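>
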Amino acid sequence: MYSIILSSTTRIVTPLLLLFSFFLLIRGHNEPGGGFVGGLVAATAFLLYLIAFGVLRVKRLLRIEPLFLIALGLLITLVSSLFGLFFQEEFMKGFWLKEEIPILGKFGTPFLFDIGVYFLVIGVILKIIFSLAEEDKD
Amino acid sequence: MNLILVLPILIPFTTAILCLFFWKNIKAQRIFHLSGAFLYLIFSFVLFSEVRTNGILVTQVGDWVAPFGITFVGDLFSAIMILINGIIGFATAIYAVGSIDEKRAQYGFYPLLQFLIMGISGAFLTGDIFNLYVWFEVMLMSSFVLIALGGTKPQIEGAIKYVTLNLLSSAFFLTGCGILYGVAGTLNLADLSIKLAELNNPGLVTVIGMLFLVSFGIKAGIFPLFFWLPASYHTPPAAVSAIFGGMMTKVGVYSLIRVYTLLFNHDIGYTHTIILVLASFTMVTGVLGAFAQTEFRRILSFHIVSQIGYMILGLAIFTPLSIAGTIFYIAHNIFAKTNLFFISGVVRSISGSYSLKKLGGLYKPYPMLGILFLISAFALAGIPPLSGFWAKFIVIKAALEVEDLISVAVALFVSLLTLLSMIKIWNDAFWKDKIDSESEEEVNQFKSMSKVKKIFFLSPIVLLALITISIGFFPEFLFSLSRDAAEQLLNPQIYIEAVLGKVK
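Protein chains in written order, with our numbering: chain F, 8 to 145; chain U, 47 to 550.
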């Protein structure tokens, strides 16, 4: 089903949603937000695109497999937890950079962990939705 | 020092991630999977020897000091369980490479198995009751998929029962955690132990204890909450059944022992009597249930239930000897039971069926398999000098010491029935003549396997049988270990001081 209203709105809203998800991700450590919500919003952006243009177009837009995102997310969380061990401290200890990075603000291992969660959530949701959407097709 | 404590979680996690990255490449997955399991085995041994020489190891995750952060604790009991998990994980990893079909491997069998191992390790190592819940979930999520992976009709049917009952159990667990936090204001096990004693309200504590008994009871398969277990464990491939039957229920038993030695030890006369009664019923119903079955793995599943009874019996008697007996029993049972499930898988690949009615005449062409079966089966039944004899001997001796003659009688009677049931499998699968021999050739997948695959298929069985025999001939080592572990469990003060430092 093709709807011109939906598809033209989607073209505008999808980038906005992605931008908003990134905003949620970076404000997450001390204020409401974070990797999980951010990931959900980003997945919603792709989902909206899917409803408007179909599953093949989303796959072309995304370019990578959702499963790769899952693995990548898990890997980032793993790496963020290992810093403590490299510095001979406790496992999963949080480390922060002294100076703030523009746009991102304070950067440290908990933020890295959040990024991992962000990718993981996008990957999982998209994997589920793609499976359902493809089931529907055939 | 803290690296060793987290490695049992990090190794399977890393392995699973690598497997996910190589989703399409089954060969690479196999290599990661095997080397991950091997590394785990090595480091579980390192952890074990470290704990044995230096006493309890503690690490505060994220450097948030207990009781505020999450603590990982490796006492001797945890270390023994981790070591066993390492051995079983390694054996299952080898066996899975030999037995899991391409289709299941393509849909992520190997990473799932690694996540399962990670969940089990986490449950053994954590020192925080809510974190224990989280590890249970990690373990259950992977087990849900593993039990349903392949999507055959009986598997889905088994999975529904399995998932429903385990979710119910998780709900009880979570409720228990909530109430516990409400009354004590902490979730750290060591801190809870102190706070619950200060609470001076044994009635309330007992109620919470019962919630945990129901929750862990469902997971361990205690009477009357066990019925999901024989209804689901015989459905997935043998490799999955083996690790489920060997490790998963024991995680329930482990948690029961942990909370009933550390937290709910105020009204032993009341709580442990309930456990005692449940133990006897579990032993009897499990073994009687097995009699009605004619399917190889269903019989084994009912025996899991019956054997859980012995372990709980040791916990219920609550003397140093009986707890040592329980730990000994857990170790022996995991090896024997996993091996029997492995063998059931080999029998299936030879004869194309698990049903005893269709099996037969396996001893003549495969005498070694018959002997391997007998070793594990007799160990399970408790024939000297195999490992089960010592395990039962210790538990029953502990029961005699407290003059609990009814439990002694039940335990002895049940082990006789266990022997009968094992002989039934022996008679039907190995001894009697096969009824329809014409289908033999076409169903025999074992013969057409490549030599390498056969080695992968059979070597874990030999390995576990050797362990069973060596526990049988040299029980002193495991017994002294179990006794030390029991000593630690019955003196919660040691655990508390290790976690919180010397307070008050």
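Each residue gets a CB set at the ideal place from its N, CA and C atoms; glycine is no exception.
Note that the coordinates shown come from a computational prediction; the quantities given were computed from them, not determined experimentally.
Relative to the alpha-carbon of U/A125, which residue among U/I515, U/I166, U/P430 has its alpha-carbon at the smallest distance?
Of the listed residues, the one whose Cα sits closest to U/A125 is U/I166.
> If you count every other CB in all the chains shown that lies within 10 Å of the CB of U/T331, and 16 or more means buried, which is it?
Label assigned to U/T331: buried.
> Return yes when the Cβ of U/T105 is within less than 8 Å of the Cβ of F/F98, no when it is not.
In contact: F/F98 and U/T105 (Cβ atoms closer than 8 Å).
> Give the single residue among U/F190, U/L359, U/A142 whose Cα lies nearest to the Cα of U/V209.
Closest by alpha carbon: U/F190.
> Quick check: is the beta carbon of F/K100 nearer than 8 Å to any beta carbon in chain U?
It does: the Cβ of F/K100 has a partner Cβ on chain U nearer than 8 Å.
> Straight-line CA distance for U/N379 to U/I240?
The alpha-carbon atoms of U/N379 and U/I240 are separated by roughly 33 Å.
> What do you reckon, are the CB atoms on U/G428 and U/S467 nearer than 8 Å?
Cβ atoms of U/G428 and U/S467: not closer than 8 Å.
> So, F/L85 versus U/I63, is the Cβ gap smaller than 8 Å?
A contact, by the Cβ cut-off of 8 Å.
> Taking all protein chains shown into account, do 16 or more other C-beta atoms lie within 10 angstroms of the C-beta of U/Y356, making it buried, or fewer, making it exposed?
Buried is the call here.
> Helix, strand or coil for U/Y541? Go by DSSP, reduced to three states.
DSSP places U/Y541 in helix when its eight states are reduced to three.
> Using the beta-carbon of each residue, which ones in chain F are nearer than 8 Å to U/Q106?
Within 8 Å Cβ-Cβ: E97.
> What first and last residue would you give for the beta strand (DSSP E) that runs through U/T117?
Counting along the chain, the beta strand (DSSP E) containing U/T117 begins and ends at 117-120.
> Nearest to F/F94 by alpha carbon, out of U/G263, U/F218, U/D109, U/A511?
Considering only alpha carbons, the answer is U/D109.
> Whose C-beta lies closer than 7 Å to the C-beta of U/K493 among residues of the same chain, with five residues either side of it excluded?
For U/K493, where only same-chain residues beyond five positions count, there are no Cβ hits under 7 Å.
> Which whole-angstrom value describes the C-beta separation of U/F89 and U/P54, a residue pair presumed to lie in contact below a C-beta threshold of 8 Å?
U/F89 to U/P54, Cβ: 7 Å. Contact.
> Three-state secondary structure (DSSP) at F/I110?
F/I110 falls in the coil class under three-state DSSP.
> Does the beta-carbon of U/Y86, which I'm using as the reference point, lie nearer than 7 Å to any heavy atom of the ligand SAM?
No copy of the ligand SAM appears in this structure; indeed no ligand is present at all.
> Which residues mark the beginning and the end of the beta strand (DSSP E) in which U/T105 is found?
103-106 is the span of the beta strand (DSSP E), which, as asked, contains U/T105.
> Quick check on the burial criterion: 16 or more other C-beta atoms within 10 angstroms. Buried or exposed for U/A457?
So U/A457 counts as buried.
> Straight-line CA distance for U/I321 to U/K296?
Approximately 16 Å between the Cα atoms of the pair.
> Considering F/E38, what are the terminal residues of the alpha helix (DSSP H) in which it resides?
Taken as a continuous stretch (DSSP letters only), F/E38 belongs to no alpha helix (DSSP H), as it is neither H nor E.
> When the Cα atoms are used, what is the spatial distance from F/D145 to F/L63?
Note that F/D145 scores a pLDDT of 49, beneath 50, so its modelled location is shaky and nothing firm can be said.
> Determine the closest residue to U/S216 out of U/D237, U/F182, U/P276, U/V229, with distance taken between C-alpha atoms.
Out of U/D237, U/F182, U/P276, U/V229, U/F182 has the C-alpha closest to the C-alpha of U/S216.
> F/I71 versus chain U: which residues are under 8 Å apart at the beta carbon?
In chain order: nothing, as chain U lies at least about 12 Å away.
> Between which residues of its own chain and F/I132 is the CB-CB distance below 6 Å, once the five residues before and five after are set aside?
For F/I132, where only same-chain residues beyond five positions count, the Cβ hits under 6 Å are A50.
> Would a C-beta distance cut-off of 8 Å place U/G518 and U/F388 closer than the cut-off?
It is not a contact, given that the beta carbons lie outside the stated cut-off.
> What does the Cβ neighbour count give for U/T232, buried or exposed, with the cut at 16 atoms within 10 Å?
Looking at its Cβ environment, which holds 16 or more other Cβ atoms inside 10 Å, U/T232 is buried.
> Quick one: what does DSSP say U/G255 is sitting in, helix, strand or coil?
Three-state DSSP puts U/G255 in a helix.
> Could you run through the stretch 54-81 of chain F and flag, in chain order, every residue whose CB is less than 9 Å away from some CB of chain U?
Against chain U - using a Cβ distance shorter than 9 Å - the residues of the stretch 54-81 of chain F are E72, L74, F75, I77, A78, L79, L81.
> Apart from the five residues just before and just after U/G298, which ones in its own chain have a Cβ nearer than 6 Å to its Cβ?
Excluding sequence neighbours, U/G298 sits near F262, K265, A266.
> Can you confirm whether U/I50, when its beta carbon is compared against all beta carbons of chain F, has any partner nearer than 8 Å?
False, the Cβ-Cβ gap to chain F never drops below 8 Å.
> I'd like to know whether the C-beta of F/L139 is nearer than 8 Å to at least one C-beta of chain U.
No, its Cβ sits nowhere closer than 8 Å to a Cβ of chain U.
> Quick one: list the residues of chain F neighbouring U/T60, beta-carbon separation under 9 Å, in chain order.
Simply L82, L85.
> For F/G101 and U/H312, I'd like the C-alpha separation in whole angstroms.
C-alpha separation (whole angstroms): 39 Å.
> List, in order along the chain, the chain U residues whose C-beta lies closer than 7 Å to that of F/L92?
Result: L49.
> Would you kindly report the start and end of the unbroken alpha helix (DSSP H) that includes F/L15?
Looking at the sequence shown, residue 15 of chain F is not Leu but Ser. First-last of the alpha helix (DSSP H) with F/S15: 11-33.
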